[in-house]
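So the sequence lines, in the order shown, correspond to chains W and Z.
For the first sequence, the residue numbers in this note's numbering are -7 to 69.
For the second sequence, the residue numbers in this note's numbering are 1289 to 1615.
Structure first, then comments.
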Amino acid sequence: MPTDPKAIAYFAAGIGAGLTIIGGAAGIGRLAAAAMEGIARQPNAAGDIRGAMIVAAGLIEGVTFFSLIVTILLAIK
Amino acid sequence: MSATLLLLAALAQAPQAAPPAAPATHEAAQPHAETPAPHAAAEAHAPAGSGAGDAPSEGGHEAGASQDDGGPAAVLMHHVLDGPAFGFWSKHLISFVLAALAVLLLTQAARRSYRKGIPSGIGALVETFVVFIRDDIAEKNIGHDGHKFTPLLCSFFFFILVAALLGLIPFPQYSEGHWSFAGTTSTGNLAVTMALATVSFLAQQYAGISKNGWAGHLSHLAPPGLPVFLLPIMIPVEILGMFTKPFALMVRLFANMLAGHMVITALLMLIPLMAGISTAFGVMIIPVALGLSLFIMLLELLVALIQAYIFTLLSAIFIGMYAHPAH
């Protein structure tokens, strides 16, 4: 186990990036699955569902980027 | 207009604000001289294998002794963060002014293309967006008087979109004795997005206060029918919510633009990195790096559109929340 704080910071940044993407991809994957199912059930609501899906995906990614900023700060400071 | 001046003043301060990850020698002229020392010492512990292999390639890339104390992370941050360009102006300031000018030119061209109420060419494109913003974003979320906020929302949308698209164009720049790329997305600067979020916040407060008055606006913080003992919790949470909403807008836009640029820069930096190991590797990696960068740039186009739309949509939703509180 390295004891240099810089090395631990890099290590933590890597783990943080991995955890970030797990959370983000899981959330957006569920969202996409629900959207696909909705479009399959009612094809003429596809436009509305697509719009709502994009908005929700943007919001979830926004939260993902919050934690990504923390990870990047760890890696560069 | 005054918002523009405020923004220009804020950005003109940006190079003196000492972006935290800029390499040591680039901060020599800046007042914050204490940050280079720990950073230079920290960069000496850069991940193994990249420090020694980088010095010859980064020397050719940076044409000077300025980068041999940093690893690839330092070079990446140097390209992506704000920095001086053309003297004391900053890259993001120039990019921001260009984006604003482009939006103004776009709207003027669109207005002039109207013949007897029917636009043609660029006017039709702009009108599609404006009508979409007025009908689906403003009126749907703010209510029957949503069209009064349409100019503001259109400003947000077009500025963010044009700034993001402009950031994808690599402008060459000659600084510190060598050519480099000065094309940066001005919304990838926290100051710019903070200004956009501040304008959004002011618009939300204006909407609430002009519709409901000072007392009405503040009394909506506590929805009616709430048990009294919950008030001490609800009021600070609601007040905090007033500030976290624009804060989230700011960080979301900033992170999206910055992350895209960092990925593109990192992929393109693979070329000199590999060339430092051996020239054959460098040549072999060129199609891979270029292909990946092109793909990420295509993604960036999509992300630019989506982020502009989300910023505008969320601003409209928040304005509607304060103008016509459902409770």
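The C-beta atom is built at its ideal place from N, Cα and C for all residues, glycine as well.
Exercise for the section: Assign Phe1489(Z) to one of two classes, buried (16 or more other C-beta atoms within 10 Å of its C-beta) or exposed (fewer than that). Expected result: buried
Handout entry: Nearest-angstrom beta carbon gap, Ala1387(Z) and Ser1443(Z) [assumed within contact, 8 angstroms]
Key = Actually they are not in contact, since the Cβ atoms of Ser1443(Z) and Ala1387(Z) sit about 12 angstroms apart, beyond 8 angstroms.
Practice task
Check whether the Cβ of Tyr1597(Z) lies closer than 9 angstroms to any Cβ atom in chain W.
Solution key: True, the Cβ-Cβ gap to chain W drops below 9 angstroms.
Exercise for the section: Specify the secondary structure class of Ser1408(Z) as computed by DSSP and reduced to three states. Expected result: coil
Practice task
Decide yes or no for the touch test of the region 1534 to 1543 of chain Z against the region 56 to 65 of chain W: beta carbon pairs closer than 8 angstroms, at least 3 of them.
Solution key: yes
Handout entry: Positions along the region 1519 to 1553 of chain Z whose CB lies within less than 7 angstroms of some CB in chain W
Key = Ala1536, Val1539, Arg1540, Ala1543, Asn1544, Ala1547
Exercise for the section: Express the C-alpha separation of Ala1426(Z) and Phe1437(Z) in angstroms, rounding to a whole number. Expected result: 7 angstroms
Problem - is_contact[Leu11(W), chain Z] using C-beta, thresh 9 angstroms - result: no
Handout entry: Ala37(W) burial status per 10 Å Cβ neighbour count (16 or more: buried)
Key = exposed
Practice task
Please say whether Val47(W) and Ile1598(Z) have beta carbons closer to each other than 9 angstroms?
Solution key: Yes, the Cβ-Cβ distance between Ile1598(Z) and Val47(W) is below 9 angstroms.
Exercise for the section: Specify the secondary structure class of Ser1378(Z) as computed by DSSP and reduced to three states. Expected result: Strand at Ser1378(Z).
Handout entry: Whole-angstrom C-beta distance between Val1480(Z) and His1380(Z), which should lie under 8 angstroms
Key = Confirmed, about 7 angstroms.
Handout entry: Proximal residues to Lys1499(Z) (C-beta, below 6 angstroms), its chain only, five neighbours per side dropped
Key = Ala1611
Problem - Opening and closing residue of the alpha helix (DSSP H) in which Pro35(W) lies - result: Unbroken run through Pro35(W): none, as it is neither H nor E.
Exercise for the section: Name, going along the chain, the residues of the region 46 to 57 of chain W whose beta-carbon falls closer than 9 angstroms to a beta-carbon of chain Z. Expected result: Ile46, Val47, Ala49, Gly50, Leu51, Glu53, Gly54, Val55, Thr56, Phe57
Problem - Ile1559(Z) at chain W interface by Cβ criterion, 9 angstroms - result: no
Problem - Partner residues on chain W for Leu1601(Z), Cβ-Cβ distance less than 7 angstroms - result: Val47
Exercise for the section: Name the two residues that bound the continuous alpha helix (DSSP H) containing Ile1565(Z). Expected result: 1519 to 1565
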